[in-house]
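Chains as they are written, first to last, in the numbering used here: chain L, 722 to 1117; chain H, 402 to 697.
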């Protein structure tokens, strides 16, 4: 998904170089560059209200935003929020695979499916398995999907580009078909009464109801955005480490990366495994909220929708992925009239975006060094001083 | 590998003629084992043969690289220089023959393992990571020596912090060393052509190689830039690295290398000091063509 233009051999005409320099100095996306120049406390000062706003979103059911059309139609606002949040989470996971490592995965819904089934089979009374509390299925779903990610990755990650895309597409279909034909996973009948986290709430009529229920999206939404924040921190840690650099190097030039000592295969499998784990986690959350899992919702179109979320938001940028995921879920809910045409609309939106803004909505370059802020701000303050400093040290 | 904070002393044998800022190289790779015995063979190419289908691109080529020297690998177009290079660095699997680095065979090893064993290279057609800054490009090279695991990076264990902290300083020192320290924050694809070539050298040096292979580093340079590059390569050699250089430009090769290996039609034609090579009638014939050949 990267727009690699390959290092071209320039005969070095000065005018061309000036143009390139201007381009490199021009901020890519004004908001992003302004954000990067802010100090850490200032960034937190902006982030904190955003986070609070996100947690307060269930109260923001304004007419202009609302997905509830009059007369009980449309999607419940809180359910819509939950859908937005789980699309955002899955986009963050897929972004690790597609955005960072540049591995086009067209079967990502398979991991989502495996996660949903793990949650269902270990909690639903319809399942013959032993039962565990719902919250335990979240890490279990991550572990199982991670295993599936490695299972898919090890034989296929030696393939590149289109070939990998086709194999992952096939994997997505295999999982869907397995869900149909294996008796134990009950095909279209599926699993009812999937578990939910503990906790209950006393209703107005004085009857205690479960806090997390299929009809009440808000607790699920809060749970999911809390998980998103944790996942963002962890993915951010990976990004600004040798792992993130290895992924981006692989995306940019796999052969050069390997020759520079990057264990390419290992890091590709890791990208797959981590992406799969987040996909499985999302699947378990979605399965728990709906309370019902069968084989009908894990289609190729769903995979493409997830991919559209990542590309729309900005492949390689985790915040962009969140925006993309939220939009992909929100737009069909808000504009129910066009919901049937969502694939058409997202398709056109992608084409238009690729023409005018190929990096996605938030086309920010990720930071790949743990101390880069300090290092680069030092460089920016005193251009040319870095080498002078060295020279003076040498003379000393 | 003693305490990394204490730089090991440079080998006294290495000539240190011009004012080499050797602290830079030490800052970049303080754990480097500096060459002890200059002139010992560090890398041996033994009967290397590479066949593409029935065509032998490289046939039974043997030579050695000695510690602390700049070895030139030259030959007319299509002589098999780059093929030899690719077979040595693991890009191609040789049909037969061996490549030894410090006595250990590296043929058949994976490419990233070869890099970790101490063989680094640059590319004839520049292959930088375009969307990364110059500094990040060099840090990718440094990562070859880093040991942080995925879990260590995920949880930011102490080793991660330690390696990240030193990585930026070392990468900056390497950029300064090759002369593009001011461009650290520039995306690699936006660098001028000459700086991209230098960045490739810095990135390869960052892997802390025992042998640094440069594939036509002066391609597309004007004479002044070539002079600068020659000075840089000499400084790299004087810092205790061994350099293998593929180059077309005879003036540069003759002015820079300590020894030369000449290839022609996939075979080794000659091997010797620059002065000997210049006088060798076979080499002259290979470059200028023999009168008899002109008939055909």
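For glycine and all other residues, C-beta sits at the position ideal for the given N, C-alpha and C.
Inset, instruction - Express the C-alpha separation of residue 888 of chain L and residue 743 of chain L in angstroms, rounding to a whole number. - result: Unreliable placement is indicated for residue 743 of chain L, whose pLDDT of 47 sits below 50; the coordinate value is still reported in the next sentence. Take the alpha-carbon of residue 743 of chain L and the one of residue 888 of chain L: they are about 42 Å apart.
Legend entry - Distance between residue 884 of chain L and residue 874 of chain L (C-alpha atoms, nearest Å): So the two alpha carbons sit approximately 13 Å from each other.
Legend entry - Interface residues of the segment 621-650 of chain H facing chain L [CB-CB below 8 Å]: Listed by position, the residues of the segment 621-650 of chain H near chain L (Cβ gap below 8 Å) are 621.
Inset, instruction - Between the Cα of residue 472 of chain H and those of H/655, H/679, H/665, spot the shortest distance and give me the residue it belongs to. - result: Per the Cα distances, H/655.
Legend entry - Contact check, residue 828 of chain L vs residue 1024 of chain L, beta carbons under 7 Å: In contact: residue 828 of chain L and residue 1024 of chain L (Cβ atoms closer than 7 Å).
Inset, instruction - Rounded to whole angstroms, what's the CA-CA distance from residue 537 of chain H to residue 574 of chain H? Just pull it up for me. - result: Going from the Cα of residue 537 of chain H to the Cα of residue 574 of chain H covers about 13 Å.
Inset, instruction - Starting from the N-terminal side, write out each stretch of the alpha helix (DSSP H) that is 4 residues or longer and does not extend beyond the segment 573-639 of chain H. - result: Secondary structure within the segment 573-639 of chain H: the alpha helix (DSSP H) runs of 4 or more consecutive residues, fully enclosed, are 594-607, 624-639 (chain order).
Inset, instruction - Could you confirm whether any beta carbon from chain H is found closer than 7 Å to the beta carbon of residue 824 of chain L? - result: So, not an interface residue.
Legend entry - Beta-bridge partners of residue 672 of chain H, as assigned by DSSP: In DSSP, residue 672 of chain H forms a bridge with H/662.
Legend entry - Exposure label - residue 596 of chain H; buried when at least 16 CB within 10 Å: Counting Cβ neighbours within 10 Å, residue 596 of chain H comes out buried, since at least 16 surround it.
Legend entry - chain H residues whose Cβ lies nearer than 7 Å to that of residue 1092 of chain L: Under the 7 Å cutoff, chain H gives 565, 566, 569.
Inset, instruction - Assign residue 940 of chain L to one of two classes, buried (16 or more other C-beta atoms within 10 Å of its C-beta) or exposed (fewer than that). - result: It is buried - the Cβ of residue 940 of chain L has at least 16 other Cβ atoms within 10 Å.
Legend entry - Own chain residues within Cβ distance below 8 Å of residue 747 of chain L, not counting five before or after: Note that residue 747 of chain L has pLDDT 43, beneath the 50 cutoff, so the model's placement of it is unreliable and the number below is only indicative. The same chain holds no residue with a CB closer than 8 Å to that of residue 747 of chain L once the five nearest residues on each side in sequence are set aside.
Inset, instruction - Would you list the one or two residues that DSSP bridges to residue 450 of chain H? - result: According to DSSP, residue 450 of chain H bridges with H/497.
Legend entry - Nearest candidate by alpha-carbon position, reference residue 1069 of chain L, set L/816, L/1090, L/901, L/1033: That would be L/1033, whose Cα lies nearest to the Cα of residue 1069 of chain L.
Inset, instruction - Measuring alpha carbon to alpha carbon, tell me which of L/787, L/772, L/878 ends up nearest residue 826 of chain L. - result: The shortest Cα separation from residue 826 of chain L among L/787, L/772, L/878 belongs to L/878.
Inset, instruction - Using a Cβ cut-off of 7 Å, pull out every chain H residue sitting near residue 984 of chain L, in sequence order please. - result: Those are 513, listed as they occur along chain H.
Inset, instruction - Give a yes or no on whether 7 Å exceeds the smallest Cβ distance from residue 537 of chain H to chain L. - result: Proximity of residue 537 of chain H to chain L, defined by a Cβ-Cβ separation below 7 Å, is satisfied.
Legend entry - Local conformation of residue 799 of chain L per DSSP, three classes: Looking at residue 799 of chain L - three-state DSSP - the assignment turns out to be helix.
Inset, instruction - Check whether the segment 938-953 of chain L touches the segment 999-1008 of chain L, counting contact only when three or more Cβ pairs, one atom from each stretch, lie closer than 8 Å. - result: Cβ pair count under 8 Å is three or more, so yes.
Inset, instruction - Flag this pair as touching only if the segment 605-616 of chain H and the segment 506-522 of chain H have three or more C-beta atom pairs under 8 Å; answer yes or no. - result: Counting Cβ pairs under 8 Å, three or more are found: they touch.
Inset, instruction - Determine, using beta carbons only, whether residue 745 of chain L comes closer than 7 Å to chain H. - result: Residue confidence is low: residue 745 of chain L scores 45 on pLDDT, short of 50, so the model does not pin down where it sits. Its coordinate-derived value is still stated next. Nearest CB-CB separation between residue 745 of chain L and chain H: below the 7 Å threshold.
Legend entry - Secondary structure of residue 755 of chain L, DSSP reduced to three states: Residue 755 of chain L: helix per DSSP, three-state reduction.
Inset, instruction - Indicate whether residue 813 of chain L and residue 952 of chain L have their beta-carbon atoms separated by less than 7 Å. - result: Contact flag set, yes.
Inset, instruction - Please classify residue 943 of chain L: is it buried, with 16 or more other beta-carbons within 10 angstroms of its beta-carbon, or exposed? - result: Here residue 943 of chain L is buried, its C-beta having at least 16 other C-beta atoms within 10 Å.
Inset, instruction - Return the residues of the segment 800-827 of chain L that lie within a Cβ-Cβ distance of less than 8 Å from chain H, sorted by chain order. - result: If the cut-off is 8 Å between Cβ atoms, the segment 800-827 of chain L has nothing near chain H.
Inset, instruction - Report the residue from L/1059, L/929, L/1031 whose alpha carbon sits nearest the alpha carbon of residue 811 of chain L. - result: Measuring from the Cα of residue 811 of chain L, the nearest candidate turns out to be L/1031.
Inset, instruction - Return the chain-ordered ranges of every alpha helix (DSSP H) run that is complete within the segment 830-863 of chain L and spans a minimum of 4 residues. - result: Here the runs fully enclosed are 830-842.
Legend entry - Coarse secondary structure for residue 548 of chain H, derived from DSSP in three states: Coil at residue 548 of chain H, not helix or strand.
Inset, instruction - Starting from the beta carbon of residue 555 of chain H, find every residue of chain L whose beta carbon is closer than 7 Å, and list them in chain order. - result: Among the residues of chain L, those whose CB is under 7 Å from the CB of residue 555 of chain H are 955, 958, 959, following chain order.
Inset, instruction - Determine the extent of the beta strand (DSSP E) in which residue 456 of chain H is found, giving its start and end residues. - result: According to the DSSP assignment, residue 456 of chain H belongs to the beta strand (DSSP E) that extends over 456-467.
Legend entry - Contacts around residue 977 of chain L, its chain only, beta-carbon distance under 8 Å, and the 5 residues preceding and following it disregarded: Setting aside the 5 residues that flank it on each side, residue 977 of chain L is surrounded in the same chain by 970, each with a C-beta closer than 8 Å to its C-beta; the list follows chain order.
Inset, instruction - Step through the CB atoms of chain H and report whether any lies within less than 7 Å of the CB of residue 977 of chain L. - result: Closer than 7 Å to some Cβ of chain H, the Cβ of residue 977 of chain L qualifies, so yes.
Inset, instruction - May I ask which residues mark the beginning and end of the alpha helix (DSSP H) holding residue 645 of chain H? - result: That residue, residue 645 of chain H, is in no alpha helix (DSSP H); its beta strand (DSSP E) goes 643-647.
Legend entry - Between the CA atoms of residue 555 of chain H and residue 987 of chain L - distance to the nearest angstrom: Each residue's alpha carbon lies about 16 Å from the other.
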